[in-house]
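Residues in the sequence shown are numbered consecutively from 0, following numbering that gives the first Met the number 0.
Note that beta-carbon positions come from the ideal geometry of N, C-alpha and C, so glycine has one too.
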Amino acid sequence: MSKILIVEDEQTIVDLIAFNLKREGFEVESAYDGITGLDKALHCGADLILLDVMLPGMNGFDLLQKLRQESDVPVIMVTAREEERDKIFGLETGADDYMTKPFSVKELVARIRANTRRTGGEGGSAGNRMAFGPYTVDTGLQEVRRDGQPVDLTQREYELVCYFLTSAGRVVSREELMEKVWGYDYYGDLRAVDVAMRRLREKIEEDPANPKYFMTKRGAGYYLQR
Ligand code: CA
């Protein structure tokens, strides 16, 4: 059973979401301010965190920044405002997904399912090693390593690497990445793919501005050059 932590200061929203998630078979934990939220995010063992931006104590962006120093748990940011800069900032800070209030509970559950499915999940063919450049990928341990040292990737970044490796150099469109790696069609913003690719390059490429592995094919998408 997946455990969802809701960090949100509006009691009625917490109650509504918690009621629906429990009905869908999730275990639910909640926190009503940023400081308690961070503490629970680090210690309650949640499989996914639903994180409001405007919170007393500590806002959602600050909480996420602190959380990401220690944890790669999936986070869906929630905001009342449809502001592009908030959205991009949230994704760059390390959110896995983003929702704007008001949202339908049905869509929320779909996104939670998409974002929890990947973590600790399938495992793939145990011990199957794949490589590109100086990197090796251990699908058993779900790690990408360089010179034996694990590269600090989020679950989504790891999934991206694996998807490119199994695409054998083919150009993959952003729509396909959204569908296959994020796990749902058209709910998400395609720019989330570009942000994730940029973050991945920053971790993998020696010169992220002139990538050698994760290449852009203009107007078409991305491909992996081994
Ligand atoms: Ca709030």
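- Gly132 places its beta carbon less than 8 Å from that of Arg225.
- For Phe25, the closest alpha carbon among the candidates Asp46, Ile16, Asp38 and Lys2 is that of Lys2.
- No residue range can be given for Tyr212, since it is assigned to no alpha helix (DSSP H) and is classified by DSSP as neither H nor E.
- Per DSSP, the continuous alpha helix (DSSP H) segment holding Arg198 begins and ends at Arg190 to Ile203.
- Proximity to ligand 1 was defined by a C-beta distance below 5 Å to any of its heavy atoms, and the residues meeting it, in sequence along the chain, are Asp8, Asp51 and Met53.
- Segment contact: the stretch 135-147 against the stretch 65-79, fewer than three CB-CB distances shorter than 8 Å; contact not assigned.
- Of the candidates Pro101, Phe18, Pro149 and Leu37, the residue whose Cα lies closest to the Cα of Lys202 is Pro149.
- Taking Val180 as reference, the option from Tyr31, Glu9, Gln154 and Phe213 with the minimal CA-CA separation is Gln154.
- The Cβ-Cβ distance between Leu152 and Leu223 does not fall below 8 Å.
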